[in-house]
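Residue numbers are given in numbering that gives the first Met the number 0: position 259 of the sequence shown equals residue 258, and the series is strictly consecutive.
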Amino acid sequence: MSDNIKQKQISKKKSILSCIQPTGDMHLGNYFGAVKNWVDLQKDYTCFYGVVDYHAMTMPYDVKKLRNNTWELIFNLMAVGIKPENLFVQSLIPEHAELGWIFNCFCSYGQLTRMTQFKDKSAQVSQSSTDQFISVGLLDYPVLQSADILIYRADYVPVGKDQEQHLELTRDIAGRFNHSIGKEYFVLPEGLYTETPKIRSTADPSRKMSKSAGDKHYISLFEDEARIRKQIKSAVTDTGDAQEGQMSEGVTNLFELLKVSGGKEEYESLTHDYNAGNLRYSDLKQAVANQLVTLTNDFKDRKNEIVKQKKDIKYQIKQSSAEIRKRAQETLREVKDMVGLLNVKL
Ligand code: TRP
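Here is the structure:
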């Protein structure tokens, strides 16, 4: 194939952008609900995946832990199959913050105060912290998110329902910007709402798996075998919440975990047992635990390999951020020019 044709095919590929905050550990819920999808999307799209450390500063956080969490998350993402060349760290690409500033001037204060996530998170800060400090960063966070997305002119943004409003805001900002400069500069990005499994807490299947709810409500992707077995063994099955003839949330969750973690055959045979009315929950739990142990052992092995080459990998991520930054710089240069800022080089 000639280079020319190849080039055309590459440039025809649609682009994807998504980001994740470096707030510590990654659990099965994050993985099956989002990150696994990111891994799969790499086959067909040009992908930009950001670890957004600027975003992590918007809620009360531990200054001493942030940098380490950022690297940890990079290692974790690589261990599950994200390619390093698709990864960048937000604060290494200052153009995000710069475009964010420009976008501040294309977004109304009222619209930001109406964001559901702002309302929830500011309420959370008011309740939990003693000084009740709500930063402007928390209010402004969706504008920075818009910059993350639009700076790469991404076609699609794989996000969960909780981010739908932020994506809508991004489209508003892009539209307002286009209108004010009189041309369709930014393509309005679309959400990519792939059906992903919603993993629930095994200790309380009425809520989703989440770190913030406490230790027993999540299982880390790099968990010790003994702890996985213990958590699954004590998983809630029937609490009498299910209607006659319907599977309870806890049992449904265990079946879901079995299916998504690769135990298809057992999933089928145990479903058969369930339907026949002779499923033993202990058998289901055993199967789920075995499957999760196999899966997480694999991740742990890969993570160990990565951590061994820590230095090289940090260098690699610096390089990939620099490469990705070029695209951000190009957008910012054009935007500054269009909005009337000086376009001189110092
Ligand atoms: N707000 C997202 C979250 O909390 C993280 C995020 C920041 C993001 N920038 C983004 C997601 C851009 C998608 C695209 O989960």
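All C-beta atoms in this analysis are idealised placements derived from N, C-alpha and C, irrespective of residue type, glycine included.
All values derive from a computational prediction rather than experimental measurement.
### Message
Could you give the first and the last residue of the continuous beta strand (DSSP E) run that contains residue 87?
### Response
By 1-based counting over the sequence shown, the position of residue 87 is 88. In the DSSP annotation of this structure, the continuous segment of the beta strand (DSSP E) that includes residue 87 starts and ends at 86-88.
### Message
For ligand 1, is there any heavy atom lying closer than 8 Å to the beta carbon of residue 49?
### Response
In the sequence shown, the residue the question calls residue 49 occupies position 50. Within the cutoff, so yes.
### Message
Please report the straight-line C-alpha distance between residue 268 and residue 285, rounded to a whole angstrom.
### Response
Taking the first residue of the sequence shown as 1, we reach residue 268 at position 269. Taking the first residue of the sequence shown as 1, we reach residue 285 at position 286. Going by the C-alpha atoms only, they are around 14 Å apart.
#### Entry: Start-to-end residues for the alpha helix (DSSP H) that takes in residue 291
For the purposes of this step, residue 291 is identified with residue 292 of the sequence shown, where counting begins at 1. Its alpha helix (DSSP H) spans residues 280-307.
#### Entry: Cutoff 7 Å; reference residue 197; Cβ partners in own chain excluding five residues on either side
By one-based count along the sequence shown, residue 197 stands at place 198. For residue 197, where only same-chain residues beyond five positions count, the Cβ hits under 7 Å are 32, 207.
#### Entry: Candidates 135, 93, 13: closest to residue 56 by CA position
Translated into positions along the sequence shown, residue 56 becomes position 57. Checking every option, the nearest Cα to that of residue 56 belongs to 135.
### Task
Report whether the distance from the Cβ of residue 148 to the nearest heavy atom of ligand 1 is below 8 Å.
Locating residue 148 in the sequence shown gives position 149, counting from the first residue. Yes.
### Task
Kindly indicate the opening and closing residues of the alpha helix (DSSP H) around residue 45.
By 1-based counting over the sequence shown, the position of residue 45 is 46. If you look at residue 45, you'll find it isn't in any alpha helix (DSSP H); it sits in the beta strand (DSSP E) that goes 45-50.
### Message
Is it the case that the segment 67-87 contacts the segment 121-134, given that we only count it when at least three CB pairs across the two stretches are under 8 Å?
### Response
The segment 121-134, when compared against the segment 67-87, does not touch it at the 8 Å Cβ threshold.
### Query
Around the Cβ of residue 104, are there at least 16 other Cβ atoms within 10 angstroms (buried) or fewer (exposed)?
As a first step, residue 104 must be located in the sequence shown, where it is residue number 105. Burial call: exposed.
### Query
Should residue 24 and residue 320 be called a contact, given that it needs their Cβ atoms to be closer than 9 Å?
Counting from 1 along the sequence shown, the entry for residue 24 is found at position 25. Counting from 1 along the sequence shown, the entry for residue 320 is found at position 321. In this structure, residue 320 does not lie closer than 9 Å to residue 24 by Cβ.
### Message
To the nearest angstrom, how far is the alpha carbon of residue 304 from that of residue 113?
### Response
Counting from one through the sequence shown, the residue named residue 304 turns up at place 305. Counting from one through the sequence shown, the residue named residue 113 turns up at place 114. Distance between the alpha carbons of residue 304 and residue 113: 45 Å.
### Message
Can you tell me whether residue 46 sits near ligand 1, meaning its C-beta is under 8 Å from at least one heavy atom of the ligand?
### Response
Here residue 46 corresponds to residue number 47 of the sequence shown, with the count starting at 1. In this structure, residue 46 has its CB at a distance of at least 8 Å from all heavy atoms of ligand 1.
### Task
Just grab the DSSP bridge partners of residue 16 for me.
Working through the sequence shown from its first residue, we reach residue 16 at position 17. Beta-bridge pairing links residue 16 to 47.
### Beta-bridge partners of residue 38, as assigned by DSSP
Along the sequence shown, read from residue 1 onward, the residue named residue 38 stands at position 39. Partner residues in a beta bridge of residue 38, as assigned by DSSP, do not exist.
### Query
Can the beta-carbon of residue 306 be found less than 9 Å from the beta-carbon of residue 280?
The residue you call residue 306 lines up with position 307 of the sequence shown. The residue you call residue 280 lines up with position 281 of the sequence shown. No, they are not a contact pair.
### Task
Could you spell out where the alpha helix (DSSP H) holding residue 178 opens and where it closes?
In the sequence shown, counting from the first residue as 1, residue 178 sits at position 179. Looking at the DSSP string, the run of the alpha helix (DSSP H) that includes residue 178 is 163-180.
### Query
Out of 288, 186, 131, which has the shortest C-alpha to C-alpha gap to residue 58?
Looking up residue 58 in the sequence shown gives position 59. Of 288, 186, 131, the residue nearest in Cα terms is 131.
### Query
For residue 329, which of helix, strand or coil comes out of DSSP?
Here residue 329 corresponds to residue number 330 of the sequence shown, with the count starting at 1. Correct three-state label for residue 329: helix.
#### Entry: Unbroken alpha helix (DSSP H) run spanning residue 262, endpoints
Translated into the one-based positions of the sequence shown, residue 262 becomes position 263. No alpha helix (DSSP H) contains residue 262, which DSSP labels as neither H nor E.
### Message
For residue 215 and residue 47, what's the separation of their Cα atoms in angstroms?
### Response
As a working mapping, residue 215 is identified with position 216 in the sequence shown. As a working mapping, residue 47 is identified with position 48 in the sequence shown. Roughly 33 Å between the two C-alpha positions.
### Query
residue 219 bridges to which residues according to DSSP?
One-based indexing of the sequence shown puts residue 219 at position 220. Looking at the DSSP output, residue 219 sits in a beta bridge with 26.
### Query
Cβ-heavy atom distance between residue 338 and ligand 1 below 8 Å?
Here residue 338 refers to the residue found at position 339 when the sequence shown is read from its first residue. A distance criterion of 8 Å places the beta-carbon of residue 338 beyond contact range of ligand 1, judged by its closest non-hydrogen atom.
### Query
Residue range of the alpha helix (DSSP H) that residue 96 falls in?
Within the sequence shown, numbered from 1, the residue matching residue 96 stands at position 97. Its alpha helix (DSSP H) spans residues 94-103.
### Query
Just to confirm, are residue 204 and residue 156 a CB contact at a threshold of 9 Å?
Counting from 1 along the sequence shown, the entry for residue 204 is found at position 205. Counting from 1 along the sequence shown, the entry for residue 156 is found at position 157. Contact check for residue 204 against residue 156 fails: the beta carbons are separated by 9 Å or more.
### Query
Roughly how many angstroms separate the alpha carbons of residue 393 and residue 44, rounded to a whole number?
Residue 393 lies beyond the stretch modelled for the chain, which goes from 0 to 345, so this question has no answer here.
#### Entry: Beta-bridge partners of residue 156, as assigned by DSSP
Position 157 of the sequence shown, counting from 1, holds the residue named residue 156. According to DSSP, residue 156 bridges with 190.
### Task
On the DSSP bridge assignment, give the partners of residue 207 in chain order.
In the sequence shown, counting from the first residue as 1, residue 207 sits at position 208. Beta bridge pairing from DSSP links residue 207 with 199.
### Uninterrupted alpha helix (DSSP H) stretches inside the segment 229-256 (no shorter than 4 residues)
For the segment 229-256, not a single whole alpha helix (DSSP H) run of length 4 or above is found.
### Message
Is residue 161 near ligand 1 - that is, is its Cβ less than 8 Å away from at least one heavy atom of it?
### Response
Residue 161 sits at position 162 when you count from the first residue of the sequence shown. Of the heavy atoms belonging to ligand 1, at least one sits nearer than 8 Å to the Cβ of residue 161.
### Query
Would you call residue 145 buried or exposed, if buried means 16 or more other Cβ atoms sit within 10 Å of its Cβ?
Position 146 of the sequence shown, counting from 1, holds the residue named residue 145. Classification for residue 145: buried.
### Task
Hey, could you find the ends of the alpha helix (DSSP H) residue 118 is sitting in?
Within the sequence shown, the letter at position 119 stands for residue 118. Segment 115-127, the alpha helix (DSSP H) holding residue 118.
### Message
Please identify the residue among 181, 180, 159, 190 whose C-alpha is closest to the C-alpha of residue 170.
### Response
One-based indexing of the sequence shown puts residue 170 at position 171. Checking every option, the nearest Cα to that of residue 170 belongs to 190.
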